[in-house]
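One structure is given below, encoded as structure tokens.
There are 2 protein chains.
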Amino acid sequence: MAARKSKPPRQRRDAETARREILDAVEARLRQSGPAALRIADVAADVGVSHPAVLHHFGNREELIRAAITRAVDGLQSQLVEGMAQAKPDADSTLDVIGRLLDGLERKGYARMLAWIVLSGLEPETPDSRIAFMTQLVHEKRCQETALDPPPTLQDTRKTVLLIAYAAFGQAIFGDFVLRSSGVSDVKTEREAFRRWLADLVHAQLVGSTDPT
Amino acid sequence: MAARKSKPPRQRRDAETARREILDAVEARLRQSGPAALRIADVAADVGVSHPAVLHHFGNREELIRAAITRAVDGLQSQLVEGMAQAKPDADSTLDVIGRLLDGLERKGYARMLAWIVLSGLEPETPDSRIAFMTQLVHEKRCQETALDPPPTLQDTRKTVLLIAYAAFGQAIFGDFVLRSSGVSDVKTEREAFRRWLADLVHAQLVGSTDPT
DNA sequence: AACACTACTTACAGGACTGTCAACAAGCGC
DNA sequence: GCGCTTGTTGACAGTCCTGTAAGTAGTGTT
Numbered sequence: 001m002a003a004r005k006s007k008p009p010r011q012r013r014d015a016e017t018a019r020r021e022i023l024d025a026v027e028a029r030l031r032q033s034g035p036a037a038l039r040i041a042d043v044a045a046d047v048g049v050s051h052p053a054v055l056h057h058f059g060n061r062e063e064l065i066r067a068a069i070t071r072a073v074d075g076l077q078s079q080l081v082e083g084m085a086q087a088k089p090d091a092d093s094t095l096d097v098i099g100r101l102l103d104g105l106e107r108k109g110y111a112r113m114l115a116w117i118v119l120s121g122l123e124p125e126t127p128d129s130r131i132a133f134m135t136q137l138v139h140e141k142r143c144q145e146t147a148l149d150p151p152p153t154l155q156d157t158r159k160t161v162l163l164i165a166y167a168a169f170g171q172a173i174f175g176d177f178v179l180r181s182s183g184v185s186d187v188k189t190e191r192e193a194f195r196r197w198l199a200d201l202v203h204a205q206l207v208g209s210t211d212p213t
Numbered sequence: 001m002a003a004r005k006s007k008p009p010r011q012r013r014d015a016e017t018a019r020r021e022i023l024d025a026v027e028a029r030l031r032q033s034g035p036a037a038l039r040i041a042d043v044a045a046d047v048g049v050s051h052p053a054v055l056h057h058f059g060n061r062e063e064l065i066r067a068a069i070t071r072a073v074d075g076l077q078s079q080l081v082e083g084m085a086q087a088k089p090d091a092d093s094t095l096d097v098i099g100r101l102l103d104g105l106e107r108k109g110y111a112r113m114l115a116w117i118v119l120s121g122l123e124p125e126t127p128d129s130r131i132a133f134m135t136q137l138v139h140e141k142r143c144q145e146t147a148l149d150p151p152p153t154l155q156d157t158r159k160t161v162l163l164i165a166y167a168a169f170g171q172a173i174f175g176d177f178v179l180r181s182s183g184v185s186d187v188k189t190e191r192e193a194f195r196r197w198l199a200d201l202v203h204a205q206l207v208g209s210t211d212p213t
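Line by line, the protein sequences are chains A and B. Residues in the first sequence are numbered consecutively from 1, following this note's numbering. Residues in the second sequence are numbered consecutively from 1, following this note's numbering.
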């Protein structure tokens, strides 16, 4: 028998909500497969709308991707700044600061996302000074805590921060791959172990002592 | 006046040469923009043939990419193994070994290429033990040279090797981006400086002394 | 209730890309 | 020369994708 043509009621969001839900979907797909593989129809299906609805909110594909990237980069930035801001000058150690940097980069898949962005050459052309800012914060902490006789140079701190960032990215991107091909069984535990090991190493490098007990 | 239809002579390579030239072009494009953005027609244009010629040699797009990736991964492998093999047990120090690891990863854009591969989830499913092998080599060197009293564990060496790999990848992918946004003027020099700094740091970590003079 | 606004839909046009096919031509053995 | 093999080509078919146009349906305002 012929089914009655009873269409399901059409869902209607306000523009802001729609944009947010769409960007969420875009971000997830970007993280998974990168910008070049993004299909508007897929995103639309994720959200549960037709593909012209997506175009209605963002104009075209390029703008859609740009919007998602901008939001992600801003998110990472506040994630980082927020994490650092929590570091009370005298309550927290550099060890905490390092942990927070690593956390911020990996949370919400920011590292993987940023890897896609940079590889694709889509990073916002903002000549931002975020890294310089982070470095400055770490350096101040370091100078307070250090046991090194010639006071550490900012250049040295910069390299250390760079190393932390690289390691975080490396783990986020190659971590599973490398561990799998190393025959490690408990990947999650191993990730944590590496992180602690790195934090200790960097801490020793920064303030010159690895066991303060 | 109507131009005479004088076709340029058709160039004809043997299959092996054609495949190699095509794979060269694919590799370059892969390194630049990744697998998802690869267009057969572009590759064909690079080589100077029509796009069906490319398909003739590789069957389809997927096989083409697979072939390029396989060749690249094999190349990286021999690059690495070769570099390590040069390390005479008693002539070279861990410092040299570290340098060689970094070199091998960055040479020919292997790091960037591998980043695309891993991000795209296209790594060959070979349960290879390359990393374990590298780790073993480094560990042996380390045990010979170390000044640490409790002999270093293999686990610790493994983490160190991991860190080197991560840093190499990080620099290859994010290096320019990060340095640019740090306001560094001479990028090339800074890259070198970081590498030396990292080699020293890791060396100290591995054999327990940073200034053997 | 009528009206405006706009999120959303279906249908379609245009283009880009992959893969196929039949024919062409360059080298090689005879 | 003649024919065979095979690298190579132009033309084409089918599909996928982006973007447009016109109309539909929620939601709020008066």
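Where is the CB? At the ideal position from N, CA and C, for every residue including glycine. Since the model is a prediction, treat every value here as computed from it, not as a measurement.
Residue i at chain A interface by Cβ criterion, 8 angstroms
i	result
residue 166 of chain B	yes
residue 221 of chain B	Residue 221 of chain B lies beyond the range of chain B shown here (1 to 213); nothing can be said about it.
residue 163 of chain B	yes
residue 147 of chain B	no
Cβ of residue i within 8 angstroms of any chain B Cβ
i	result
residue 106 of chain A	no
residue 141 of chain A	no
residue 144 of chain A	no
residue 115 of chain A	yes
residue 205 of chain A	yes
residue 213 of chain A	For residue 213 of chain A, the predicted model reports a pLDDT of 40, less than 50, meaning its position is unreliable and no value from the coordinates is stated.
Assigned exposure category for residue i - 16 Cβ within 10 Å defines buried
i	result
residue 159 of chain B	buried
residue 59 of chain B	exposed
residue 190 of chain A	buried
residue 112 of chain B	buried
residue 41 of chain A	exposed
residue 86 of chain A	exposed
residue 195 of chain A	buried
residue 11 of chain B	exposed
residue 56 of chain B	exposed
residue 147 of chain A	exposed
residue 187 of chain A	exposed
residue 231 of chain B	Because chain B in this structure spans residues 1 to 213, residue 231 of chain B falls outside the shown range and cannot be described.
residue 15 of chain B	exposed
residue 17 of chain A	exposed
residue 182 of chain B	buried
residue 48 of chain B	exposed
Three-way DSSP call (helix, strand, coil) for residue i in this model
i	result
residue 184 of chain B	coil
residue 103 of chain B	helix
residue 55 of chain A	helix
residue 136 of chain B	helix
residue 156 of chain A	helix
residue 71 of chain B	helix
residue 170 of chain A	helix
residue 44 of chain A	helix
residue 147 of chain B	coil
residue 49 of chain A	coil
residue 87 of chain A	coil
residue 11 of chain B	coil
residue 122 of chain B	coil
residue 38 of chain A	coil
residue 33 of chain A	helix
residue 93 of chain B	coil
residue 129 of chain B	coil
residue 109 of chain A	helix
CB-CB length for residue i against residue j, believed under 8 angstroms
i	j	result
residue 203 of chain A	residue 94 of chain A	6 angstroms
residue 144 of chain B	residue 104 of chain B	Actually they do not touch by this definition, with Cβ atoms about 21 angstroms apart.
residue 177 of chain B	residue 169 of chain A	Contact doesn't hold; Cβ gap of about 11 angstroms is too wide.
residue 163 of chain A	residue 84 of chain A	The pair is not a contact, with the Cβ atoms about 17 angstroms apart (cut-off 8 angstroms).
residue 31 of chain B	residue 99 of chain B	Going by Cβ atoms, the distance from residue 31 of chain B to residue 99 of chain B rounds to 23 angstroms, so no, they are not a contact pair.
residue 206 of chain A	residue 142 of chain A	5 angstroms
residue 36 of chain B	residue 37 of chain A	4 angstroms
residue 72 of chain B	residue 125 of chain B	In fact, because the Cβ distance is near 16 angstroms, the residues do not count as touching under 8 angstroms.
residue 119 of chain B	residue 197 of chain A	Their Cβ separation, rounded to whole angstroms, is 25 angstroms, which puts residue 119 of chain B and residue 197 of chain A out of contact at 8 angstroms.
residue 21 of chain A	residue 13 of chain A	7 angstroms
residue 106 of chain A	residue 172 of chain A	6 angstroms
Near the ligand MG: residue i beta-carbon under 7 angstroms from a heavy atom
i	result
residue 59 of chain B	Within the structure as shown, the ligand MG is missing, as the structure has no ligands at all.
When you check each C-beta in the region 170-200 of chain B against every C-beta of chain A, which residues fall closer than 7 angstroms? 170, 171, 173, 174, 177, 178, 181, 182, 183, 194, 197, 198
(Q) Which residues of the region 30-62 of chain B have a Cβ closer than 8 angstroms to any Cβ of chain A? Give them in chain order. (A) 33, 34, 36, 37
message = Give me the subset of the region 67-80 of chain A whose CB atoms are less than 9 angstroms from a CB atom of chain B, sorted by chain position.
response = none
- request: Select from the region 118-135 of chain A all residues with a C-beta closer than 9 angstroms to any C-beta belonging to chain B, and list them in chain order.
  value: 118, 119, 120, 121, 123, 126, 127, 128, 129, 130, 131, 132, 135
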